[in-house]
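Chains as they are written, first to last, in the numbering used here: chain B, 116 to 512; chain Y, -17 to 255. For glycine and all other residues, C-beta sits at the position ideal for the given N, C-alpha and C. Below you'll find the structure, written out as structure tokens, and then a few comments.
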Amino acid sequence: MAVWVEKDDCAGCETCVEACPLGAISMRDGLAIIDEKCNSCGACVESCSTGAIKSDAAAAKADTSQYRDVWIVAETRHGRVRPCTLELLGCGRGLANALDQRLCAVLAGKEVKGFAADMAEHGADVVYVMEDAGLEEGRTLPHARAITDAAREKKPAVVLFSATPFGRELAPRVSRRLGTGLTADCTELGIDGATKNLLQTRPAWGGNLMATIYSPDSRPQMSTVRPGVMKALPREPGRKADIVGLKVNLKAEDARLQVVELKKGLRKKVDLTEAKIIVSGGNGVGSKEGFKLLEELAAVLGAEVAGTRIAVEEGWITADRQVGQTGQSVCPDLYIACGISGAIQHRSGMAGAKTIVAINTDPNAPIFQIADIAVNADLFKVVPELIAALRARGDEC
Amino acid sequence: MYRDARLGVAELDVIVLVKQVPNTAEVKIDPRTGTLMREGVESIINPDDLHALEAGLRLRESHGGRVTAVSMGPPQAMDALREALGMGADAAVLLTDRAFAGADTLATSYTLGKCIRKLGRFDLVVAGHQAIDGDTAQIGPQVAEYLDVPQVIRATRLEVRDGELHAERTHEDGVEAVRCALPALVTVTREANKPRYPYIPRLMAAFDPNAPIKTWGPKDIGADERLIGLKGSPTQVQKTFTPKLEKKVEKLSGQPAEMARALVGRLKERRLA
Chain B
116 MAVWVEKDDC AGCETCVEAC PLGAISMRDG LAIIDEKCNS CGACVESCST
166 GAIKSDAAAA KADTSQYRDV WIVAETRHGR VRPCTLELLG CGRGLANALD
216 QRLCAVLAGK EVKGFAADMA EHGADVVYVM EDAGLEEGRT LPHARAITDA
266 AREKKPAVVL FSATPFGREL APRVSRRLGT GLTADCTELG IDGATKNLLQ
316 TRPAWGGNLM ATIYSPDSRP QMSTVRPGVM KALPREPGRK ADIVGLKVNL
366 KAEDARLQVV ELKKGLRKKV DLTEAKIIVS GGNGVGSKEG FKLLEELAAV
416 LGAEVAGTRI AVEEGWITAD RQVGQTGQSV CPDLYIACGI SGAIQHRSGM
466 AGAKTIVAIN TDPNAPIFQI ADIAVNADLF KVVPELIAAL RARGDEC
Chain Y
-17 MYRDARLGVA ELDVIVLVKQ VPNTAEVKID PRTGTLMREG VESIINPDDL
33 HALEAGLRLR ESHGGRVTAV SMGPPQAMDA LREALGMGAD AAVLLTDRAF
83 AGADTLATSY TLGKCIRKLG RFDLVVAGHQ AIDGDTAQIG PQVAEYLDVP
133 QVIRATRLEV RDGELHAERT HEDGVEAVRC ALPALVTVTR EANKPRYPYI
183 PRLMAAFDPN APIKTWGPKD IGADERLIGL KGSPTQVQKT FTPKLEKKVE
233 KLSGQPAEMA RALVGRLKER RLA
């Protein structure tokens, strides 16, 4: 909101009611209420004796010189720092160097102090630690308050979040509360040599176009950063950072959302046309049992299983899983074709996949013509190794 | 929420955010200039928003109340709202004005938030998880923040019980069941439901000049001109370019285990594993 009243801080003094030139403020239950006549002029903000009236309009034209340092917001899940946080540190280190400013990691959670050393050893100069029983993992409201309050106090030039589901629902709330810009799901970040603005590049139009975005007059500059793109720095054992505790002032309303339970690994079968990853099999899979191997691979990747017309006709998969001219057309991010020769009828249903991996024993199989990555080998030898390698890789973002 | 202590009735005021988008599946890039060829590309209701409308309509069907569709866009976005009425929305608001143009997500969330405040009481705002033209998924949380209500993002199931929103949402590692106070904002994914088709007589009626669609500009919602459209947008586009598209086949070699490890590396680079 452009101008709003922090209910808990309002003393009910009514000064603002008189200060408002538009008569947009009235009292209800002893607290000031701003109605739609408000044009965000800010007269009430200055009149308020307790600082209960906030405005984000001021941030629209920030004095950019007052904002310093690059912040990365660390994310923990199930009590561990996520690898994407280390990638953010790696990326933030480069930006901080280019700006000749400090790289600060923001650690907010119930019990997160123990991760401060990790942050330091992966590149942070400063670690801000905010601990509170209300800062449970994945809760947007308390985290938004903690980070916003810290950013208001410290005035960072740049704040980066991971573009994980949590980061992508937290960062917009912080940006709205600060009244600053936010660029989603960036795949490249840099500093403009002349202006020192953050240059944020992201895919748009379903990946058909890349756009570079910047926020010349607004601070902090905020982005969510796609996991898996930036490189983490190797751990530098013994590297030290200033560890600074910050106060957290959560409010009762920050607990308006409660997580009842997390049912792990429960996934509904996704419509093939909406699947992000598809593991598909053809004649080379050879049997229903063969498809069990593909299902295992799909489970590790969070993928859907599909197949060719032959696989359906042989009864190895059901008809709703058929890809191709007489089946469905799919365009996942990743299509792994196992034992599929790649007849034109099949290719017409999957050539739109962004990345195609083909595993086939026949080096002349047409599928290799449209594949991005060609694995000319026996799927029954490669796929089990692939499953093992994916499992060994552990928790990645 | 309307409550009647004697009758125990609770009706829901639901606002659904709708965006009209070009069908990106049809958008082509001019190979010479590297720019988007938008001519002749049909405009559609953003796919996730159809699921948001369906979710809103189902809530109204089980609780009573009203569904109001809100869209910001050029005058032709009226078609999206007519379709929303055809599906069953009770009323609609089109926010259209040159001053709204060029808005980034911050300015858009301000504009939509102002409009929702102007509409008055609401129990739930429902939006699609993300739009296919921008893919930012920022509008939902930013509108929630503006309205100072909690949010449930990526809901696949939702119901209102005992004055609270109960929802399930997908996470990287499972399905999370959450409980949330009303009023609230929820964004839904395509797994949430199957959207109904517009009912043709209702769709026809939406073309009537007396159809319940309001057209509002900045003054109607009391918006500060400095906070809307291009002027209210802190982010600016510096340049756009087309990603390299040429396909180069990479052949992996070696023992199966080596190939598998190399493949995992490639998938990781492409953020696919």
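For L304 of chain B, the enclosing beta strand (DSSP E) covers residues 303 to 306. At a cut-off of 8 angstroms between beta-carbon atoms, L377 of chain B makes contact with chain Y. Here the C-alpha atom of W320 of chain B lies approximately 51 angstroms from the C-alpha atom of C128 of chain B.
Taking 8 angstroms as the Cβ-Cβ cut-off, the region 322 to 344 of chain B approaches chain Y at G322, N323, L324, M325, A326, T327, I328, Y329, S330, P331, D332, S333, R341, P342, G343, V344, given in chain order. Beta-bridge partners assigned by DSSP to C453 of chain B: B:G396, B:I474. Here DSSP, grouped into helix, strand and coil, assigns S44 of chain Y to helix. As for any beta strand (DSSP E) of minimum length 3 sitting wholly inside the region 149 to 184 of chain B, the runs are 168 to 170, ordered along the chain. Exclusion of the five residues before and after A347 of chain B leaves P198, L201, E202, L204, G205, H237 as the residues of its chain whose Cβ lies within less than 8 angstroms of its Cβ. Across the set Y:A83, Y:V49, Y:F223, Y:P200, the C-alpha of Y:V49 shows the shortest separation from the C-alpha of R103 of chain Y.
Among the bridge pairs identified by DSSP, P318 of chain B is matched with B:M325. According to DSSP, residue pairing for D357 of chain B in a beta bridge involves B:V241.
Under a 10 Å Cβ-count criterion, Q112 of chain Y is classified as buried, with 16 or more other Cβ atoms of the shown protein chains found around its own Cβ. Sequence-distant partners of V359 of chain B (beyond 5 residues in either direction) whose C-beta falls short of 8 angstroms from its own C-beta, in its chain, are V241, V242, Y243, V244. Taking 8 angstroms as the CB threshold, Q220 of chain Y lines the interface with chain B. H111 of chain Y sits in coil when the DSSP states are folded into three classes, being neither helix nor strand. Close CB contacts of E303 of chain B within its chain, under the 6 angstroms cut and outside five residues either way in sequence, are with T316 (chain order). Going by DSSP, M142 of chain B is part of no alpha helix (DSSP H) but of the beta strand (DSSP E) stretching over 140 to 143. For C162 of chain Y, DSSP records a beta bridge to B:L372, Y:L147.
Rounded to whole angstroms, L101 of chain Y and T339 of chain B show a C-alpha spacing of 32 angstroms. Inclusion of A468 of chain B and V445 of chain B in the CB contact set at 8 angstroms is warranted, their separation being smaller than that value. In the three-state reduction of the DSSP assignment, D332 of chain B falls in the coil class. Rounded to whole angstroms, the gap between the alpha carbons of A193 of chain Y and L387 of chain B is 38 angstroms. The alpha-carbon separation between A126 of chain Y and N175 of chain Y amounts to approximately 22 angstroms. Secondary structure note for Q460 of chain B: its alpha helix (DSSP H) is the uninterrupted segment 459 to 462.
In the structure shown, the three-state DSSP call for E251 of chain B is coil.
Around A299 of chain B, the same chain offers T339 as residues with beta carbons nearer than 6 angstroms, after the five sequence neighbours per side are excluded. Out of B:P447, B:T423, B:A248, B:K391, the CA that lies nearest to the CA of F406 of chain B is found in B:T423. Using a CB distance below 7 angstroms, the part of the region 152 to 179 of chain Y facing chain B consists of H153, E154, D155, G156, V157, E158, A159, V160, R161, C162, A163, R172, E173, ordered along the chain. Judged by their CB atoms, R208 of chain Y and G199 of chain Y are not nearer to each other than the 8 angstroms cut-off. Spanning the alpha carbons of P352 of chain B and I262 of chain B requires a straight line of approximately 28 angstroms.
Your pair A223 of chain B and L256 of chain B does not check out as a contact, with CB atoms roughly 12 angstroms apart and the cut at 8 angstroms.
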